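The next block holds one structure in the form of C-alpha cells; read it before the comments.
2 protein chains.
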Amino acid sequence: MVTSGRRRRVTIADVASHAQVSVTAVSKVIRNAYGVSPAMKERVKTAIEELGYRPQAVARGMRGRTFTIGLVLPHIRNPFFADILDGLTAYLDETDYQAIMIQGGATRKVEQRAVDALVDRQVDGLIMVAPLASKARLEEVAKEKPTVVLARHERSSYYDSVFDDDESGAELVVQYLIELGHRRIAHITHQDDSIARPGDLLHNIRSATYERVMREHGLAGEIAVATSFYNEKGGYDGARQLLSRTPRPTAIFAGADQAAFGALAAVHESGLSVPADVSVAGYDNTHLAALPNIALTSVDQDGAEMGRAAGKLLLERVEGRMTPVRFSVTPSLVVRGSTAAPPAS
Amino acid sequence: MVTSGRRRRVTIADVASHAQVSVTAVSKVIRNAYGVSPAMKERVKTAIEELGYRPQAVARGMRGRTFTIGLVLPHIRNPFFADILDGLTAYLDETDYQAIMIQGGATRKVEQRAVDALVDRQVDGLIMVAPLASKARLEEVAKEKPTVVLARHERSSYYDSVFDDDESGAELVVQYLIELGHRRIAHITHQDDSIARPGDLLHNIRSATYERVMREHGLAGEIAVATSFYNEKGGYDGARQLLSRTPRPTAIFAGADQAAFGALAAVHESGLSVPADVSVAGYDNTHLAALPNIALTSVDQDGAEMGRAAGKLLLERVEGRMTPVRFSVTPSLVVRGSTAAPPAS
DNA sequence: GGCCGTTCGGGCAACGATGCCCATTACGAT
DNA sequence: ATCGTAATGGGCATCGTTGCCCGAACGGCC
C-alpha cells in the first residue's frame, strides 16, 4: 500500500474552483492556448501561484507529452559524460523539458532494459550515449520515439547523430607522436559487448586511425595494440602488456584518458619515467589530465557542446522534424608534459 | 505536434481482445491479483508475450504507483557516486522498480527543481544524495513522498538516513598521521551552498573531527584548514595555500580523493615529494587512488552497500513503513604510499 | 436593426491502467 | 434439493490533463 503522505496534490480542478473558472480555462492558460482573455490569464495565474500548483507530468503523458527526455549513459564513471550532461542540462533549462538519466550498463541486455524503462515512462525523446545496440535495434527504437545517438558514427535515416570526429582526433595524436620522432608507438583500445558494425564505434575508429596513420608513415611493422578497457585497470593491464614487448614502445596512445592514467601507473611501476623513457597520450582531456603532476597530453572534444547539440536536435525531432541530421565536433590536441621526443638510444 | 512514430503502442485492451478476455482479467494477471485461474493466467501471459506488451508506467501512475524511484545526485563527477548508483541499481534489479536520476547541481535552487521534476513525474520515492536543502525542507519533501537521504547525519522522523561514519573515518586518518609522527597536519575542506546545520554535512564532520583529534593530541596550535572544494582544482588551490605557510605542514588530509589529487599536483609543483616531504591522504578510496603511481592513502566507505541500503529502506517506506531508520556504514583506512613519517628536519 | 465574423469560456470524451464491486458458476454440506 | 460459500471473470468509475467542439456574447457594417 502506497502511503505517499496525506497531503493530496493540488490539481487543475483545485485551481479552477479557486479561480472560479472552468478546468478548461486553466488548462488553456497553462498551455498558452488560443482563446483566453488577459483578465482570465491573470486570474488563473494568480490562483496557480496561490495554490502552488504544478502540472502532473504523468497525467499530461496520458494525453501526449510528458516534457521529459530520457538520457541513457553507459555508466557515470567517465567524467567526459559529465560534460555532456552539463551541456544538455544547460540547454534544456531554457525549455520546459527535463532530462532524466538511466545507466545503460555494460551489456546490451541491460542497455535495452534502460531504454524500455524510459519508453514505458513515456519520455518524449531519447538520447543515447555510446550505445552498444546494433544500428537496426536503434532504428527500431527511433521509430517509436524521437532519438538522438551520441558518439556513434553510422548514418541512419531514423535518428540524429552527434559525435566527435574521432578520426581526426586520433590522427592528431599519432601524427604528433611521429613528428616528435617516435616509431614504436603502441595503442590501447577498448573491448565491448556491442554488435554494432565495428566501424561505427568510436574506439574502433580511434584504433583503425592509429593503424592507418602508422601505415602511412611506413610504420606498419611497429603497430602494437593492446585490447582491454577504457578505464584505469584496463589501461594499466594494457600498458603492462605493451611494455613487456622487446623492443619496448617509446610511446603509448591510450584511447581514453582513464586508460591513460592506468598506463601512466604501469610505466612508473616499471621503473620507467614519463616522458623520458615512454610518452603517454590520452583522449578526452578530462580535468585530471590538466593537473601539473599528471600533465597528460590529450585530445579535447567539447562534451558540453555535444550535449547541447543533442538536446537541440532532439527537441526539433519532438516538434516534428523527420529528416536526419548529423552534428560533428572537431577535436583538438592539448599537448602537455607526458609526451616528448623518444630517448636517444 | 508530437510525431512519436506511427506504431501505436500495445495496450492492455489489445492484450485483452487478443486473448479473448476482459481488460480486468489482464490487469489482474499483471498485478498478480487474487481471483485468476491458472488457465486464465496462462492464456493472458501468452497473449502478453505474443504482442510484446509492457504496461505503461505513466498510466499506472494515474492510479497509484509508477514503479519508479527518483535519485538526486549533486553531480556525476565524483566516482564515489557511481558506486552508490551501482549498489542501488543492483538492488532494484531484483524488484519491479526502476531508478531514474536527475542532477541536483551546485545550488539549492537547482536541487529543488530536480526534486520538483521528480515529484511531478510521480516517482514512488526519492533518494537524495548529499543534498544541500535544510532539514525542514527535506522533511517537507518527505511528507509528500517516501524519502531516503544519503550522506547526511541529522536525525529526522520523516525520512531514513544512510551515511558513512565520517567521524570515525576522519579520526582514522588523523590518528594515523599523528602516529606516524606528524604534528603539522593540515586539512582541506569543502564550501557549499547549503543552509543545513553545519554538523549535519559530511565535510563539516570530517573537518570538525580533524580539529577535535588534533586538539586531543595537544596539537591545537597546529590546526590549519583550507576551505575550498572537494574537486581537483579545489584540492590544488587549497594545498597551494597550505604549503605557503611557514613552517610548512608535513601532512595534508584532504576531505575527498578528488581534492587529494589536486593536492598531490600542488605538492609536486612546489618541487616537494610525496611522501618524503609531505604526506597526503584522501577520503573515498576511488579507483584512481589505487593506481601504483598515485598510491593515495584513503578512507574506504562502501558506496555500493550504501546504495543497496538506500534502495531497500526506500522500498520499505513505499510499502508503508513510517518509522525512521538510520543505516551507517563503517569506513576503513587504506594505507598506501602517499603517507609516511615526516622528514627528520 | 439584422447579419456575420470574431473572441472567449466551458462541456466532455478521451488517454491506459487499476481495483472496487457485482454476477455467475461450481461445489460441499445439510 | 437447497443453501451458503468460495472461486472466478467482468463492468465501470476513476486518476489529471488535453483539445476538439459548441454556444454565447460582442462589435462592426450596411
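Line by line, the protein sequences give chains A and B.
Here the first sequence is numbered in the working numbering, starting from 1 and rising by one per residue.
Here the second sequence is numbered in the working numbering, starting from 1001 and rising by one per residue.
Backbone N, C-alpha and C fix where the C-beta goes; we use that ideal spot for every residue, glycine too.
Source: prediction; values computed, not measured.
Rounded to the nearest angstrom, what separates residue i and residue j at their Cα positions?
i               : j               : result
K1028 (chain B) : S1037 (chain B) : 11 Å
Q103 (chain A)  : Q112 (chain A)  : 11 Å
G199 (chain A)  : K135 (chain A)  : 12 Å
V1267 (chain B) : V1278 (chain B) : 7 Å
A348 (chain A)  : V10 (chain A)   : There is simply no residue 348 (chain A) to check, as chain A begins at 1 and stops at 345 in what is shown.
E1144 (chain B) : V149 (chain A)  : 36 Å
A340 (chain A)  : I100 (chain A)  : 43 Å
A224 (chain A)  : E211 (chain A)  : 9 Å
S318 (chain A)  : M40 (chain A)   : According to the sequence displayed, residue 318 (chain A) carries Val and not Ser. Computed Cα separation, rounded: 30 Å.
H1287 (chain B) : E232 (chain A)  : 7 Å
V1026 (chain B) : G125 (chain A)  : 29 Å
V975 (chain B)  : E1154 (chain B) : Because chain B spans 1001 through 1345 in this model, residue 975 (chain B) falls outside it and cannot be assessed.
A1290 (chain B) : T1046 (chain B) : 51 Å
E1140 (chain B) : R1063 (chain B) : 23 Å
A310 (chain A)  : S156 (chain A)  : 15 Å
M1 (chain A)    : R1308 (chain B) : In this prediction, M1 (chain A) scores a pLDDT of 36, lower than 50, which makes its location untrustworthy; no coordinate-derived value is stated.
T3 (chain A)    : M1322 (chain B) : With a pLDDT of only 40 at T3 (chain A), under 50, the local geometry of the prediction cannot be trusted, and no value is derived from it.
L180 (chain A)  : I69 (chain A)   : 46 Å
D1120 (chain B) : R1245 (chain B) : 51 Å
Candidates the options: which alpha carbon is nearest residue i's?
i               : options                               : result
Y230 (chain A)  : A:M214, A:V278 and A:G255             : A:G255
Y236 (chain A)  : A:E216, A:P249, A:Q258 and A:A220     : A:Q258
D1300 (chain B) : B:L1126, B:D1014 and B:F1163          : B:F1163
P275 (chain A)  : A:A304, A:E167 and A:A251             : A:A251
D1166 (chain B) : B:R1245, B:A1130 and B:L1315          : B:A1130
V1335 (chain B) : B:V1058, B:L1177, B:K1312 and B:A1059 : B:L1177
Y91 (chain A)   : A:A344, A:P343, A:L315 and A:V329     : A:L315
L242 (chain A)  : A:A281, A:H187, A:I205 and A:H203     : A:H187
L1088 (chain B) : B:N1078, B:L1071, B:A1295 and B:I1205 : B:L1071
L1051 (chain B) : B:V1015, B:R1152, B:I1030 and B:A1142 : B:V1015
E1171 (chain B) : B:A1309, B:Y1159, B:S1298 and B:A1082 : B:S1298
G218 (chain A)  : A:A260, A:D192, A:Q175 and A:F253     : A:Q175
V1173 (chain B) : B:R1308, B:N1078, B:R1060 and B:R1206 : B:R1206
S1428 (chain B) : A:L272, A:V280, A:E269 and A:N293     : Since the first residue shown for chain B is 1001 and the last is 1345, residue 1428 (chain B) is missing from the structure and cannot be characterised.
P1343 (chain B) : B:F1327, B:Y1034, B:F1253 and B:P1249 : B:P1249
Would residue i pass as an interface residue toward chain A - the criterion being a Cβ-Cβ separation below 7 Å?
i               : result
T1003 (chain B) : With a pLDDT of 40 at T1003 (chain B), under the threshold of 50, the modelled position of this residue cannot be trusted; read the value that follows with caution. At least one chain A Cβ lies under 7 Å of T1003 (chain B).
E1269 (chain B) : yes
H1182 (chain B) : no
R1077 (chain B) : yes
Q1301 (chain B) : no
I1100 (chain B) : yes
Q1122 (chain B) : yes
N1293 (chain B) : yes
L1132 (chain B) : no
Are residue i and residue j touching if we call contact CB-CB under 7 Å?
i               : j               : result
D96 (chain A)   : F67 (chain A)   : yes
L1132 (chain B) : S1228 (chain B) : no
R1184 (chain B) : E1216 (chain B) : no
V1325 (chain B) : L1333 (chain B) : no
A226 (chain A)  : A263 (chain A)  : no
G234 (chain A)  : F80 (chain A)   : no
A1117 (chain B) : Q191 (chain A)  : no
Q1122 (chain B) : V213 (chain A)  : no
I1076 (chain B) : A106 (chain A)  : no
M306 (chain A)  : V329 (chain A)  : yes
S338 (chain A)  : L272 (chain A)  : no
A260 (chain A)  : G282 (chain A)  : yes
Pull up the DSSP beta-bridge partners for residue i, would you.
i               : result
S1279 (chain B) : B:A1251
V1072 (chain B) : B:I1102 and B:M1128
I188 (chain A)  : A:A226 and A:A254
L150 (chain A)  : A:V129 and A:V162
T1326 (chain B) : Strictly speaking, residue 1326 (chain B) in this sequence is Arg, with Thr absent from that position. Bridge partners of R1326 (chain B): B:S1161.
T398 (chain A)  : In the structure displayed, chain A extends from 1 to 345; residue 398 (chain A) sits before or after that span and is not available.
Let me see if you follow: with CB-CB separation under 7 Å, is residue i close to chain B or not?
i              : result
I69 (chain A)  : no
V36 (chain A)  : no
E232 (chain A) : yes
R308 (chain A) : no
H187 (chain A) : no
A82 (chain A)  : yes
L314 (chain A) : no
R54 (chain A)  : yes
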